[in-house]
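If you're matching positions, the sequence shown starts at 211 in the numbering used here and goes up one per residue. Cβ coordinates follow ideal geometry from the N, Cα and C atoms, glycine included. Computed from a prediction, not measured in an experiment: that's the story for all the values here.
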Amino acid sequence: MRILINNGRLIDPANNIDEITSIAIEAGRIAAVGEITDNFVAEQTIDAAGQVVCPGLIDLGARLREPGDEQKADIHSESHAAAAAGITTLCQPPDTDPVTDTAAVAELVRKRARNAGFARVLPIGALTQGLKGEQLSELADLKRSGCNAVSNARQPIANPLVLRRAFEYAATHDLVVFLHPEDHWLANNGCAHEGPTATRLGLPGIPEAAETTEVARDLALIQQTGVRAHFCRISTAAAIEMIRRAQHDGLKVTADVAAHQLMLIDEHIGEFNSLYHLLPPLRSSSDRESLRKAVADGTLSAVCSDHQPHEADAKLAPFPATEPGISALETLLPLMLELGSRTGMQLSQIVQRLTAGPAATLGIERGRLEVGMPADITIFNPETRWQLTEERLVSRGHNTPYLGREMVGQINYTLLEGRLVFERHSG
211 MRILINNGRL IDPANNIDEI TSIAIEAGRI AAVGEITDNF VAEQTIDAAG
261 QVVCPGLIDL GARLREPGDE QKADIHSESH AAAAAGITTL CQPPDTDPVT
311 DTAAVAELVR KRARNAGFAR VLPIGALTQG LKGEQLSELA DLKRSGCNAV
361 SNARQPIANP LVLRRAFEYA ATHDLVVFLH PEDHWLANNG CAHEGPTATR
411 LGLPGIPEAA ETTEVARDLA LIQQTGVRAH FCRISTAAAI EMIRRAQHDG
461 LKVTADVAAH QLMLIDEHIG EFNSLYHLLP PLRSSSDRES LRKAVADGTL
511 SAVCSDHQPH EADAKLAPFP ATEPGISALE TLLPLMLELG SRTGMQLSQI
561 VQRLTAGPAA TLGIERGRLE VGMPADITIF NPETRWQLTE ERLVSRGHNT
611 PYLGREMVGQ INYTLLEGRL VFERHSG
């Protein structure tokens, strides 16, 4: 199908473009950017006046709950929510049931995503079999089945020698290793940031050292093995400084943060509000300030949703017994736009952290708008105000503290390889 997008503000940070222009799409790929020849006859024209046209958003961390937790959500429902959020590519961690430690499970995830047709789902392969931290998975098979990255999710690898071998194996196959830095024993089943709020509420705290000790160990092995590594969901100022230094020293290290960690702090827990039960936990205001600065200066080159949909019962127990996580796909872009309004961060920088930044981490040819590239495109109005309600959420997970809040910035069109997978008709 031939589609013409006219009069939009095209923001493509990878190509340093920010201008009002047009894009022509043909056979799923970008046929032209800028001047469109008379020979191009569009079958559909989108008037994007007053809207931003950018590469499809790429989310490095979203749990779709399939296979294994379909009572919470599934690939169809959550990839549909991703399309409504302007996300065209997303990564699912390997802690599914069964664990994504074989090519068969990885191919199952990809097949069901293709059948749903809303977004490209990239399964992250398990670094060790069953995520038990003992025997390495067949990483070569996982790569052949479409895994660009491998991880042990939030499960610990206690033996540093196993981790070293895993890094060496991943480096051999040019796989990026996604690391969730948290020392399992220092965290000690905590559920909140170790600080005044946790003390006041009597909640078991998770110290900053649970994150920094893991970052320190991992960096030493990254330097030893030369593996490409990506730190997921960084939450502390001290870890940022360690990563910044490693990048300065030339290590192949990137890192991300969840969008809600840029907006919330531990004090938002209030009186045991389980919607703020997250892992890593919400940290202090000074940590949040460091996270914001690290996103602005590029130390944190990607911002993700860390989407974790839950059924209602998962949040109804006493705070420590509730399941951590926020349903976050549909607030990813609005929260980033709010960050821009609060900090002065430029819109092109925000788009970069949601497109080219994560694409570079994955090493995929996405996150940019060039002739010949697949036409993954998001069109949104950065000024539209709307209210987040349960009725508006496409995700099956309604566990978000932002229900009832006014959001700014609304997705109007999402194209996946030149095909409209989301179009807003009203509201």
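Three-state secondary structure (DSSP) of residue i
| i | result |
| --- | --- |
| residue 651 | For the chain, the structure presents residues 211 to 637; residue 651 sits outside this window and is missing. |
| residue 217 | strand |
| residue 479 | helix |
| residue 235 | strand |
| residue 310 | coil |
| residue 518 | coil |
| residue 556 | coil |
| residue 257 | strand |
| residue 633 | strand |
| residue 590 | strand |
| residue 229 | strand |
| residue 285 | helix |
| residue 346 | strand |
| residue 611 | coil |
| residue 394 | helix |
Where residue i falls, given that 16 or more other Cβ within 10 Å makes a residue buried
| i | result |
| --- | --- |
| residue 494 | buried |
| residue 230 | exposed |
| residue 321 | exposed |
| residue 344 | exposed |
| residue 466 | buried |
| residue 526 | exposed |
| residue 211 | exposed |
| residue 602 | exposed |
| residue 371 | exposed |
| residue 458 | exposed |
| residue 398 | exposed |
Straight-line gap, residue i to residue j (C-alpha atoms, nearest Å)
| i | j | result |
| --- | --- | --- |
| residue 635 | residue 361 | 39 Å |
| residue 168 | residue 328 | Coverage of the chain is limited to positions 211 through 637, which leaves residue 168 absent and any answer about it impossible. |
| residue 497 | residue 430 | 24 Å |
| residue 473 | residue 545 | 8 Å |
| residue 508 | residue 403 | 25 Å |
| residue 306 | residue 610 | 22 Å |
| residue 573 | residue 437 | 14 Å |
| residue 333 | residue 385 | 13 Å |
| residue 518 | residue 253 | 38 Å |
| residue 220 | residue 511 | 21 Å |
| residue 382 | residue 270 | 22 Å |
| residue 514 | residue 567 | 11 Å |
| residue 558 | residue 618 | 17 Å |
| residue 303 | residue 577 | 20 Å |
| residue 218 | residue 301 | 28 Å |
| residue 488 | residue 599 | 21 Å |
DSSP bridge partner residues for residue i (one or two, in chain order)
| i | result |
| --- | --- |
| residue 616 | 597 |
| residue 466 | 512 |
| residue 441 | 389 and 465 |
| residue 417 | DSSP output for residue 417 lists no bridge partner at all. |
| residue 269 | 300 |
| residue 328 | According to DSSP, which records beta bridges pairwise, residue 328 is partnered with nothing at all. |
| residue 335 | 360 |
| residue 622 | None; residue 622 has no bridge partner. |
| residue 222 | 227 |
| residue 262 | 219 and 590 |
| residue 568 | Answer is none; residue 568 lacks a bridge partner. |
Whole-Å CB distance - residue i paired with residue j, under 8 Å assumed
| i | j | result |
| --- | --- | --- |
| residue 215 | residue 581 | Their Cβ separation, rounded to whole angstroms, is 14 Å, which puts residue 215 and residue 581 out of contact at 8 Å. |
| residue 464 | residue 571 | 5 Å |
| residue 443 | residue 523 | Not really, about 25 Å apart at Cβ, beyond 8 Å. |
| residue 532 | residue 605 | With a Cβ gap of about 18 Å, residue 532 and residue 605 do not count as contacting. |
| residue 392 | residue 427 | With 8 Å as the limit, residue 392 and residue 427 do not qualify as a contact, their Cβ atoms being about 12 Å apart. |
| residue 309 | residue 579 | Wrong, their Cβ atoms sit about 36 Å apart, outside the cutoff. |
| residue 555 | residue 549 | 6 Å |
Closer than 8 Å to chain D by CB, residue i
| i | result |
| --- | --- |
| residue 438 | Absent from the structure: chain D. Only one protein chain is present. |
Check: residue i C-beta below 7 Å from any heavy atom of the ligand FAD
| i | result |
| --- | --- |
| residue 297 | As presented, the structure is devoid of all ligands, the ligand FAD included, so that no description of it is given. |
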